[in-house]
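I have placed the structure first, in the form of structure tokens, so that the comments after it can refer back to it.
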Amino acid sequence: MFEFRVVAECPDTGARAGEFVTRHGVVETPLFMPVGTQATVKAMSPPELEEIGAQIVLSNTYHLYLRPGADLIAEAGGLHRFMGWQHSILTDSGGFQVFSLDGLRKVTDEGVHFQSHIDGSRHFMTPELSVDVQQKLGSDIAMCFDECVALPTTEEKSRAAMERTIAWAARCHDFHSRSDQALFGIVQGALFEDQRIECAGRLMELDFPGYAIGGLSVGESHDEMYRILDVLHPVLPQSKPRYLMGVGMPENLIEGVARGVDMFDCVLPTRNGRNGNLLTSRGRINIKNARFERDFGPIDEMCDCYTCRNFTRAYVRHLYRAGEMLSARLCSWHNIHFLVHLMRRARASILKGAFSAFREETMKMLQPEGIAQ
RNA sequence: UCCUCGGUGGCGCAAUCGGCAGCGCGGGUGGCUGUUAACCACUAGGUUCGAGGUUCGAGUCCUCGCCGAGGAG
Numbered sequence: 057m058f059e060f061r062v063v064a065e066c067p068d069t070g071a072r073a074g075e076f077v078t079r080h081g082v083v084e085t086p087l088f089m090p091v092g093t094q095a096t097v098k099a100m101s102p103p104e105l106e107e108i109g110a111q112i113v114l115s116n117t118y119h120l121y122l123r124p125g126a127d128l129i130a131e132a133g134g135l136h137r138f139m140g141w142q143h144s145i146l147t148d149s150g151g152f153q154v155f156s157l158d159g160l161r162k163v164t165d166e167g168v169h170f171q172s173h174i175d176g177s178r179h180f181m182t183p184e185l186s187v188d189v190q191q192k193l194g195s196d197i198a199m200c201f202d203e204c205v206a207l208p209t210t211e212e213k214s215r216a217a218m219e220r221t222i223a224w225a226a227r228c229h230d231f232h233s234r235s236d237q238a239l240f241g242i243v244q245g246a247l248f249e250d251q252r253i254e255c256a257g258r259l260m261e262l263d264f265p266g267y268a269i270g271g272l273s274v275g276e277s278h279d280e281m282y283r284i285l286d287v288l289h290p291v292l293p294q295s296k297p298r299y300l301m302g303v304g305m306p307e308n309l310i311e312g313v314a315r316g317v318d319m320f321d322c323v324l325p326t327r328n329g330r331n332g333n334l335l336t337s338r339g340r341i342n343i344k345n346a347r348f349e350r351d352f353g354p355i356d357e358m359c360d361c362y363t364c365r366n367f368t369r370a371y372v373r374h375l376y377r378a379g380e381m382l383s384a385r386l387c388s389w390h391n392i393h394f395l396v397h398l399m400r401r402a403r404a405s406i407l408k409g410a411f412s413a414f415r416e417e418t419m420k421m422l423q424p425e426g427i428a429q
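Using the numbering used here, the letters of the first sequence correspond one by one to residues 57 to 429.
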């Protein structure tokens, strides 16, 4: 059911434009997926996400398993119907929570003992349970349950997590049965090139319809992230989509695309938006700053999102300082629009054979020195 | 006119027995990368109403004054 095809490739870099089909429609890559952990992209409604042009959103197995529960969502007719989103959905497996809920969990080869961050109740998440939940949710793309290690780490710890991730991937693969849902494998291996290559190769033996690169954007430098992407680029199958998990800084997206990445997701546009940090074509701005008090221009001169078409920096700053919820909405709206359209423009440039110029120009604009006003 | 209570950062308030003047909000700034996050961190800001006095040392005790709130007449 799930099929990916490359429609254009950049002659100078690893960038490619592609598309895949889910039962909820055609999805064009490269793309950015807004994060909707709790079956909602915080502060945004589905029609607003549609207006922005989001093609697929991400939701989370661990969070929905704890509340409201996979059976309830299945009973509601599946996650799409439950949250009122007719387009594609990717569900993360809960693997990232193995990393982020440090202190509330214990990892064993069999699975992960969690203590709920909501009520302290004890749970045991396994690869099978993660896939079971994701099948009940009915997402278009499910992710293997993996172990994401914190950086910096040692070669031994990384290898242990990598081996566990591979073993769990095989168990996910065996357990997975929904033919209308794609299951992606996740490459781990921290910043060790040999481990990354080995992990990719062993996952490829399972022939997943797509491959994710996990364990990055967890504190390493950009150069280290790019080095791992460079290493994986020639290894991963050209004919399958590659998904760089958790990456959302504009420059990371551009450089990721240049290294063959097709999909990204990140909480950055929504979380930072709620906290008054805004992405612009000339770098990031903090709308809280006093210098915007009487700035009656748009957030970003180059942007045509709803926020930029209708409101000024001075107004958005006022909303933020006043604690008004419209601030979170307008800032999230703009930030998501920024990343979705950054990827849309990247795609257009690849189709035109002009990605290198697009990359150079965009990266130059995004430099901190580029911050005007 | 008398009595009582109060006066401390921009605002609201703490400060033990007389012993390094703090907290919250607000202000300024920074951070946030598969969301435990409309969050977190840092920072600036003081003649403690005024004038005297006691004391090694006073936001704190004493005297007088000023201002505010309440009560009595």
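The beta-carbon is built from N, C-alpha and C at its ideal position, and this holds for glycine as well.
Computed from a predicted model, the values in this text were never measured in an experiment.
By the three-class DSSP mapping on this structure, what secondary structure does residue i have?
i	result
glycine 150	coil
arginine 137	helix
arginine 12	Residue 12 lies beyond the stretch modelled for the chain, which goes from 57 to 429, so this question has no answer here.
aspartate 68	coil
threonine 221	helix
alanine 402	helix
isoleucine 174	coil
aspartate 321	strand
valine 372	helix
glutamate 84	strand
leucine 105	helix
valine 291	coil
valine 396	helix
phenylalanine 155	helix
Could you check if residue i is buried or exposed, using at least 16 other CB atoms within 10 Å of its CB as the buried criterion?
i	result
lysine 192	buried
glycine 70	buried
glutamine 244	buried
alanine 404	exposed
aspartate 318	buried
alanine 366	Reading off the sequence, residue 366 comes out as asparagine, not alanine. With fewer than 16 other Cβ atoms within 10 Å, it is exposed.
proline 297	buried
asparagine 51	Outside the modelled stretch of the chain, which goes from 57 to 429, sits residue 51, for which no answer is possible.
alanine 413	exposed
alanine 346	exposed
arginine 377	exposed
histidine 278	exposed
leucine 146	buried
serine 295	exposed
Would you kindly report the start and end of the unbroken beta strand (DSSP E) that includes residue i?
i	result
threonine 78	72 to 78
arginine 123	No beta strand (DSSP E) holds arginine 123; DSSP gives it neither H nor E.
glutamate 203	Where glutamate 203 is concerned, there is no enclosing beta strand (DSSP E), given that its DSSP letter is neither H nor E.
leucine 422	No beta strand (DSSP E) holds leucine 422; the alpha helix (DSSP H) holding it covers 411 to 422.
How far does the alpha helix (DSSP H) with residue i in it reach, from first residue to last?
i	result
glutamine 191	183 to 193
valine 313	306 to 314
cysteine 364	362 to 366
Quickly, what does DSSP pair residue i with across the bridge? List them, please.
i	result
aspartate 356	BP columns for aspartate 356 are empty, so no partner.
asparagine 116	Asp148
proline 90	Cys322
glutamate 380	Its beta-bridge partners do not exist; DSSP assigns none.
leucine 407	Answer is none; leucine 407 lacks a bridge partner.
histidine 169	Lys162, Phe180
arginine 61	Glu75
For the ligand SAH, is there a heavy atom less than 7 angstroms away from the beta-carbon of residue i?
i	result
glutamine 142	This structure lacks the ligand SAH; in fact it carries no ligand of any kind.
Which full runs of the alpha helix (DSSP H) of 4+ residues lie inside the stretch 323 to 351, going along the chain?
Runs found: 324 to 330.
Counting only runs that start and end within the stretch 227 to 285, where is the alpha helix (DSSP H) found for 4 or more residues in a row?
Counting only runs of 4 or more, we get 249 to 260.
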